[in-house]
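Novice: Got a structure for you, written out below as structure tokens; questions coming shortly.
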């Protein structure tokens, strides 16, 4: 597949729009426009890849598209097709139906629909961007029912708080208010979706209460009691028509106080009831309604992300892909389909950080959709299954969760009920059989509590036959920003086991999850900040996981998870799947590729389970890398270009004491700074210049006032930098922080007249071939895998990244070729000297000649490691980790054996 950016896709789709007439070739042209491989398109056209039921009018490719020509109404046809057994079986991302005048398309992952004249396809090219590897962020528009509902409920919430001062200040009162709101949400949804009669709840409030709101609390208390009463004869006459709901939702207890209403509160309640609640999306509305009761969160009500494609990155490789494969294999076998149907009805889904239930809802819907496809296929194959009374085998009692926020617990349960009702509606459309939601027999197994302290086995118990899948998005909290309570949670998870206090908070879920699945028919997949698989954290977390027979079954490498729901604000994440050791295949998902791996290590790369620890010296034959020189001078030894010019103007002899002074920021942005660099034997001459003497005196004073003894000691040599590492040699500057957008970290090859600051790393006595190695894709792959991150940016480390970078022994001839390639990169940069390195290495506008110069370096460095060209960074990393292990083993063999010290007892003899 060709990787294309947005502009390139737009340009390639443009010629497809506005044509006079269209034929079957439309779908092949469209796929090609998004960069799909030409060989695949040819095989799809000639039928060898076409898995469609009717190849004469349909074109279908597994995981990609199901295209159908029709002479009927495209909208009617696509509704039948999108949940058909064939579409489910082949997991096609887009379903497209057209009569070559109108086109209707559905994105099966996001449920977005496109309905346009086919001639306008170029105006809607963004709809199919996932074909080009660009996942769509679906933000809720301000006009969407979810947003309007949340806004109305937020206003009602505020009014009730004001009308009931002090009533909800403590935990019990706040829980009562939260429960009250979940009841309202259910009633609004129920009256718009056929659970109640149309507008039954809103009409009852409007008809049976005073306009001033004075009796609304009393009426709602009676109504909730009626909804929890089984027989109509036991209800007041005016409430007898309301059904029995059950499911503990309306269970009346002393704590479940209904708040007192004002006229405004009553009006707001009735306004909320006027919305069309059937359009509520349980995938996202839970997180939105949490925003109602969370201070400072409501400003984001219009920006909640329906992250279904991201959630599917946990669910699909964990269990759905295998279930759909089983469905495909059993497609023509009634006994096997029956066996699969029985199996999916027993699966348990467990989210130990479930929030408002998004992951559970998506998993439930996915299993129900597969179940519908199996039932539909069985009815096609077997007369017996046409006669059998159909029902769903997927029970929400098999969906488990732990959540610390009690309102989120209630919303998660409600979300599952809504999802069940929506899937029951789909069941009715397919089979013309109604599955009633109420009375509620199931409530899910959502527990309120701190997941780090709750015994997961008591929440989701297992037996020898239980098939359990843990999913979710646990909280990420770095070691330095954890609360006192969060720090105390560690002891509950680790017990007597030693652990490092620098572990991210999410590590508790991985460790506890590993403990839970060990020895069970269970697996897990968590969304995690990608920092857990980078830098030092790998060695802190993964050894304790791998030591007990747990392995990574699959992993998604870094991708953006932009979601304003709780815990998920615009972070770069990974997905890590853990399981008991198995001979089943392992997969790494990266850049729209699915790569088979021998083993997936803690860096989410194909290689043995190595952990890169800090080293003081390079493992390879490379010159030392250190931090640059640190002034520790309160700015007195540093000069701006203007200050430098002024000093030279008044004291021309001062030029010998001035050096260019660069840190990472100045180097990349192209700005200049200078430093006074005075050796010990020059002090007497330098201080004869008053302007220099005054600056040195400033340094002496500031250091002498320091609270640190070491700094006060430096006051004796105020002309020196606090930490001196500069050498008057050629050097390489490596920025300590660099944008994660860049394909290459912009490093520099500097002359002996430049002092590198402590805001960068320095390699002195450096030859150009070293520069070539460090600016190669091979080294960037290593950086990507083992370095830490500062947000999304690379956080380079000499002790972790550079000193562990494995380089084979290089011949003089190879060093010479690397030198030539390195100098070419530097020459091209000089040719573009009007641009800063930030501009030159912006991936969107990087000059072509610079790309070509780097490509030559990449090819040369790759040839050192492999005879065959690399296609992916994963291949590079597999060789790098293998070489690292080899070099580490050889180093261990060569290391001198330390003789044990004689004990005091032995000496006495």
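Numbering (this note's numbering), first residue to last: 550 to 1458. Heads up, the beta-carbon is just placed ideally off N, CA and C, and yes, glycines get one too. These numbers were taken from a predicted model, which means no experiment stands behind them.
#1: Under 9 Å, do residue 670 and residue 765 count as touching if we go by C-beta distance?
#2: In the DSSP assignment, what are the bridge partners of residue 608?
#3: How is the alpha helix (DSSP H) around residue 644 delimited, first residue to last?
#4: Please list, in chain order, all residues of the same chain as residue 503 whose beta carbon is under 6 Å from its beta carbon, the five residues on each side excluded.
#5: Do you know whose CA, among 1103, 1319, 1132, 1219, lies nearest residue 870's CA?
#6: With distances taken Cα to Cα, identify the nearest neighbour of residue 1013 among 1069, 967, 972.
#7: Check the DSSP bridge columns for residue 1077 and list the partner residues they point to.
#8: Report all residues from its chain with a CB closer than 6 Å to the CB of residue 1268; omit the five preceding and five following residues, and keep chain order.
#9: Are residue 730 and residue 702 touching if we call contact CB-CB under 9 Å?
#10: Which same chain residues end up closer than 8 Å to residue 984 when comparing Cβ atoms and leaving out the 5 residues on each side of it in sequence?
#11: Would the stretch 1287-1296 count as touching the stretch 1199-1206 if we require 3 or more Cβ pairs under 8 Å?
#12: Can we say the stretch 1379-1386 touches the stretch 1181-1198, given the rule of at least three CB pairs closer than 8 Å?
#13: Under the rule that 16 or more other beta-carbon atoms within 10 Å means buried, what is residue 808, buried or exposed?
#14: Give the range of the alpha helix (DSSP H) segment to which residue 588 is assigned.
#15: To which residues of the same chain is residue 553 closer than 6 Å at the C-beta, ignoring the five residues directly before and after it?
#16: Ignoring anything shorter than 4 residues or poking outside the stretch 1210-1280, list the alpha helix (DSSP H) runs there in chain order.
#17: Which one of 1284, 958, 1240, 720 has the shortest CA to CA distance from residue 1174?
#18: Assuming residue 1075 and residue 1023 are in contact, meaning their beta carbons sit under 8 Å apart, how far apart are those beta carbons, in whole angstroms?
#19: Helix, strand or coil: how does DSSP classify residue 507 here?
#20: Could you check if residue 1239 is buried or exposed, using at least 16 other CB atoms within 10 Å of its CB as the buried criterion?
#21: Which stretch, first to last residue, makes up the beta strand (DSSP E) that contains residue 1135?
#22: What are the uninterrupted segments assigned as alpha helix (DSSP H) that are 4 or more residues long and contained completely in the stretch 1394-1448, given in chain order?
#23: If I measure Cβ to Cβ from residue 690 and keep anything under 7 Å in the same chain, skipping five residues before and after, which residues do I get?
#24: Compute the distance between the beta-carbons of residue 819 and residue 791, then report whether it is under 9 Å.
#25: What is the DSSP secondary structure of residue 1105, reduced to helix, strand or coil?
#26: With C-beta atoms as the reference, is residue 1098 less than 9 Å away from residue 1135?
#27: DSSP beta-bridge partners for residue 974?
#28: Count the other CB atoms within 10 Å of the CB of residue 1250; is the residue buried (16 or more) or exposed (fewer)?
#29: Starting from residue 663, follow its DSSP beta bridges and name the residues at the other end.
#30: How close, in whole Å, do the beta carbons of residue 1019 and residue 1051 come, if the pair is a contact with beta carbons under 8 Å?
#31: Just the Cα atoms here: how many angstroms apart are residue 1412 and residue 1418?
#32: Report yes if the CB atom of residue 637 is closer than 9 Å to the CB atom of residue 895, and no otherwise.
#33: Just to confirm before moving on: does the CB-CB distance between residue 1324 and residue 1296 stay below 9 Å?
#34: Under a three-way DSSP split, which group does residue 911 fall into?
#35: If you measure between the beta carbons of residue 876 and residue 867, is that distance less than 9 Å?
#36: Could you tell me whether the Cβ atoms of residue 995 and residue 951 are closer together than 9 Å?
Specialist: Taking the coordinates as given:
#1: Cβ distance not < 9 Å, so residue 670 and residue 765 don't count as in contact.
#2: Its beta-bridge partners are 616.
#3: Going by DSSP, residue 644 is part of no alpha helix (DSSP H) but of the beta strand (DSSP E) stretching over 643-647.
#4: Here the chain comprises residues numbered 550 to 1458, so residue 503 is not present and cannot be evaluated.
#5: Per the Cα distances, 1103.
#6: It is 1069 whose Cα lies nearest to the Cα of residue 1013.
#7: In the DSSP output, where bridge partners are listed per residue, residue 1077 has 1123.
#8: Excluding sequence neighbours, residue 1268 sits near 1227, 1232, 1245.
#9: Yes. Within cutoff.
#10: The residues 940, 941, 973, 976, 977, in chain order, have a CB closer than 8 Å to that of residue 984 in the same chain once the five nearest residues on each side in sequence are set aside.
#11: With the cut-off at 8 Å, the stretch 1287-1296 and the stretch 1199-1206 do not touch.
#12: No, the stretch 1379-1386 is not in contact with the stretch 1181-1198.
#13: Buried, by the Cβ-count rule.
#14: Its alpha helix (DSSP H) spans residues 587-595.
#15: If we look at residue 553 and ignore the five residues flanking it on each side, its Cβ neighbours are 584, 681.
#16: Given a length threshold of 4 residues, each whole run of the alpha helix (DSSP H) inside the stretch 1210-1280 is given here in chain order: 1213-1218, 1232-1235, 1239-1253, 1258-1263.
#17: When each option's Cα is compared against that of residue 1174, the closest is 1284.
#18: Right, the Cβ-Cβ distance comes to about 6 Å (below 8 Å), so this counts as a contact.
#19: Since the displayed the chain opens at 550 and closes at 1458, residue 507 lies outside it and no answer follows.
#20: With fewer than 16 neighbouring CB atoms inside 10 Å of its own CB, residue 1239 falls in the exposed class.
#21: Segment 1135-1139, the beta strand (DSSP E) holding residue 1135.
#22: Those alpha helix (DSSP H) runs which fall completely within the stretch 1394-1448 and span 4+ residues are 1397-1414, 1422-1443.
#23: Residue placement at residue 690 is flagged as unreliable, the pLDDT there being 35, under the threshold of 50; the coordinate-derived value follows with that caveat. Around residue 690: no qualifying Cβ.
#24: Contact check for residue 819 against residue 791 fails: the beta carbons are separated by 9 Å or more.
#25: The answer is strand: DSSP assigns residue 1105 an E or B state.
#26: Inclusion of residue 1098 and residue 1135 in the CB contact set at 9 Å is not warranted, their separation being larger than that value.
#27: Partner residues in a beta bridge of residue 974, as assigned by DSSP, do not exist.
#28: Exposed, by the Cβ-count rule.
#29: According to DSSP, residue 663 bridges with 654.
#30: Not really, about 25 Å apart at Cβ, beyond 8 Å.
#31: Taking the straight line joining both Cα atoms gives about 7 Å.
#32: Against a cut-off of 9 Å, the Cβ pair of residue 895 and residue 637 comes out as no contact.
#33: The criterion of a C-beta distance shorter than 9 Å is satisfied by residue 1324 and residue 1296.
#34: It is helical.
#35: No; because the gap between Cβ atoms is not below 9 Å, this pair is not in contact.
#36: Note that the C-beta distance between residue 995 and residue 951 is below 9 Å.
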